[in-house]
Structure formats: C-alpha cells, structure tokens
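J.: Before I ask anything, let me first share the structure, which is written out below as structure tokens.
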Amino acid sequence: MPTIAKLKKALKTYAIYGKTKISERHRHRYEFNNAYLEQYEKAGMIASGINPETGLVEIVELKDHPFFVAGQFHPELKSTVANPHPLFVSFVAAALANKKALKK
Numbered sequence: 002m003p004t005i006a007k008l009k010k011a012l013k014t015y016a017i018y019g020k021t022k023i024s025e026r027h028r029h030r031y032e033f034n035n036a037y038l039e040q041y042e043k044a045g046m047i048a049s050g051i052n053p054e055t056g057l058v059e060i061v062e063l064k065d066h067p068f069f070v071a072g073q074f075h076p077e078l079k080s081t082v083a084n085p086h087p088l089f090v091s092f093v094a095a096a097l098a099n100k101k102a103l104k105k
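Using the numbering used here, you'd call the opening residue of the sequence shown number 2 and step up by one each time.
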C-alpha cells in the first residue's frame, strides 16, 4: 500500500529525494507512537517525513550523524540494479565519504 510523506526541507531526507512529497510502499502495521515524538525530538531525533493525511511519522533522522535515516517503508521494493533507490545510493555515498575521512 503506498504511503505519502511530506518531507521537511533543509534536512538529509529532503536532500536525498530532492522534493517535499514522496510516495513509498508501506508494508507493515507498526507505527511510530506520536505520544513520544516530543521526547524523541528533545533527544536529537528529527521526524523528517510525516504523512499529511494521518499525521504519522514515516521517516526519522539524526541531524548531526553521517547517515542515520530510517523509514516506515521498504525502499528495496522500488529499487532495481539499473535504478537503485535514492536512500541506498545516498547510504553508500555516505559510507564511502566516511571511509575516506577516517583514512585522513
């Protein structure tokens, strides 16, 4: 079942997708409990993608982490060898950049 998320600008997730509205395949019945959202945000986690229809958190990230992006969907369902999902491409790029930085 497709899920729509509105992304917050100026965050990693927005930079990865390059747009504010995305559609992904949400494949489970588990949800983020919004009753804890304020506590998570105070601890440094950002709800960077929210479903505008339900208000549910679809994507979270850590702002000052080299690559911490987590979604309530399965990017592998839209990824192919010829056209990999942007989250996978960005993750590999971040891993390579981190490896180069560690060698310095």
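Don't be surprised by glycine CBs; every beta carbon is placed ideally from N, CA and C. Quick caveat, the model's predicted, so the values are computed rather than measured.
Please return the same chain residues whose Cβ sits closer than 7 Å to the Cβ of Leu38, not counting the five positions on each side in sequence.
T.: Counting only Cβ-Cβ distances below 7 Å, and skipping sequence neighbours, we find Ala48 and Val58.
J.: Return the first residue and the last residue of the beta strand (DSSP E) that Ser24 is part of.
T.: Segment Lys22 to Arg26, the beta strand (DSSP E) holding Ser24.
J.: Could you tell me the alpha carbon to alpha carbon distance between Thr14 and Val70, rounded to whole angstroms?
T.: Approximately 7 Å between the Cα atoms of the pair.
J.: Sort out for me which residues DSSP pairs Thr4 with in a bridge.
T.: Thr4 is bridged to Glu25.
J.: Could you give the residue range of the alpha helix (DSSP H) that holds Leu57?
T.: Per DSSP, Leu57 belongs to no alpha helix (DSSP H) and is neither H nor E.
J.: If you run the structure through DSSP and keep just helix, strand and coil, what is Ser91?
T.: Helix at Ser91.
J.: Out of Asn52, Val61 and Glu54, which has the shortest C-alpha to C-alpha gap to Ala44?
T.: Of the listed residues, the one whose Cα sits closest to Ala44 is Val61.
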